[in-house]
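This report concerns only the one structure given below.
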Amino acid sequence: MSTRELSLQSDISKMRTEPDGTFKRLDASFRNFIQKGGKFEPEKGAYSALGLMSYLSKAMTPDRYHLYVSYACPWATRTLIVRRLKGLETFIPVTVVSPRMGANGWPFSQVDSFQAADEDPLYQSKHVRDLYIKADPHYTGRFTVPVLWDKKLHTIVNNESSEIIRMFNTAFNEFLPAEKAALDFYPADLRAEIDAVNEWIYPSINNGVYRAGFATTQAAYDKVVVEVFDALDRVEKLLTGKDYLIGDRLTEADVRLWVTIVRFDPVYVGHFKCNIRTIRNGYPAINLWMRRLYWNNAAFKDSTNFEHIKTHYYWSHTSINPTRIVPVGPVPLIEPL
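Okay, so the sequence shown: first residue is 133 according to my numbering, each after it adds one.
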């Protein structure tokens, strides 16, 4: 791939929209699954970046798979939350990139030393795009996070968050304590309801805020922003008098929606012009649901870094915010219970 082509795929400021000004997100490219009998077996170990020879010589790490994320990215945060909920921290290590995405995409800390960002411990990559090119030298898609990496085969297993969280939900149960293995965030008896809710929350809210924020015509923006708030109104009715979206238990539907809602007032209201209402002042049921998960569940709170979130959006999207000034508010970033 030429330098120009790499730049087009890495630089978020060069993101393309449709002729009518609408933003359309491209599908993820690596869609493999960790499963018994497959290319990517569920394993607790034991491969390092040095590969099979290290394994044979016993110079090994206790893990085969590695997760690359950004705290800023809602899709990546989904995977952090489910990883923590399921107790996978001990054998799926995480590397966090800097939130300041420039012309070369997501950087590791050796390129951009930012608080709570990491170096790539496996290959000393400078940017996430280096991993994609290592996995496939002819890759022509976008260089996104999360990335679920296989140290044994030195390649990307999957970069689609909705599929990674389902793998985390069940693929490693045999290695987990009974209480963690028993946790099921996509239970068979609720799957139809979960799928139905995900089907409209994703385009209208999860991706809807981006469609509003990256719209390049007034007409495109006007249409999408109304869709976002119509969907939020619908969620408000769903959550009124309830602790969770589906049934009386935490499911992946909550995780998938929550990562957008926790970013809404700090980022999407101002930066993406989703300012018809705020969550804290316009949606009491959604706001209470969001705060309960944040303050009462470490998987949600510890996976949320507001400094990374605000810095990424306001610093990286120069087509929207050319001054790169990061606003101070809202105060507080999330209200107490």
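Beta carbons: idealized from backbone N, C-alpha and C, even for Gly.
Everything numeric in this text was worked out from a predicted model, so none of it was measured.
Asked, Found
"Please return the same chain residues whose Cβ sits closer than 8 Å to the Cβ of F246, not counting the five positions on each side in sequence.", "S230, P231, R232, H440, T443"
"When the Cβ atoms of the region 323-333 are set against those of the region 373-387, are three or more pairs found closer than 8 Å?", "yes"
"Which of the three DSSP states, helix, strand or coil, is assigned to V463?", "coil"
"Please name the residue in A204, V277, M299, D327 whose C-alpha comes closest to that of F165.", "M299"
"On the DSSP bridge assignment, give the partners of Y200 in chain order.", "T227, V279"
"What is the residue span of the beta strand (DSSP E) that I288 lies within?", "287-290"
"I need the boundaries of the alpha helix (DSSP H) containing P416, first residue and last residue.", "416-428"
"Use the C-beta contact count for D252: other C-beta atoms within 10 angstroms, 16 or more gives buried, fewer gives exposed.", "buried"
"May I have the straight-line CA-CA distance separating S294 from T455, to the nearest angstrom?", "33 Å"
"Would you mind sorting R163 into buried or exposed? The rule is 16 or more other CB atoms within 10 Å of its CB.", "exposed"
"Excluding five sequence neighbours on each side, which residues of the same chain lie with their C-beta closer than 7 Å to the C-beta of N437?", "Y203, A248"
"If you measure between the beta carbons of I393 and M422, is that distance less than 7 Å?", "yes"
"For the alpha helix (DSSP H) that contains V356, what are its first and last residues?", "350-371"
"Grouping DSSP H, G and I as helix and E and B as strand, with all else coil, what is H449?", "coil"
"Start and end of the alpha helix (DSSP H) containing F300?", "293-302"
"Are the beta-carbon atoms of R288 and A267 separated by less than 7 Å?", "Arg is not the amino acid found at residue 288; the sequence shown has Ile there. The answer is yes: Cβ separation under 7 Å."
"Do T211 and P278 have their C-beta atoms within less than 7 Å of each other?", "yes"
"Closer than 7 Å by C-beta to F304: which residues in its own chain qualify, once you throw out the five before and the five after it? Chain order, please.", "P174, L220"
"Less than 8 Å between C-beta atoms, sequence neighbours within five positions excluded: which residues of the same chain meet that for K190?", "Reliability of the predicted coordinates at K190 is poor, the pLDDT of 41 falling under 50, and no value is obtained from them."
"Around the Cβ of P269, are there at least 16 other Cβ atoms within 10 angstroms (buried) or fewer (exposed)?", "exposed"
"Tell whether a beta-carbon distance below 7 Å holds between V391 and T209.", "yes"
"From L263, Y446, K283, V228, pick the residue whose C-alpha is nearest to that of D250; which is it?", "V228"
"Can you tell me whether H440 is helix, strand or coil according to DSSP?", "helix"
"Compute the Euclidean distance between the alpha carbons of E98 and Q256, then round it to the nearest angstrom.", "Because the chain spans 133 through 469 in this model, residue 98 falls outside it and cannot be assessed."
"Decide if K283 is buried, meaning its Cβ has at least 16 other Cβ atoms within 10 Å, or exposed.", "buried"
"Return helix, strand or coil for P335, following the three-state DSSP convention.", "helix"
"Can you tell me whether DSSP reads P239 as helix, strand or coil?", "strand"
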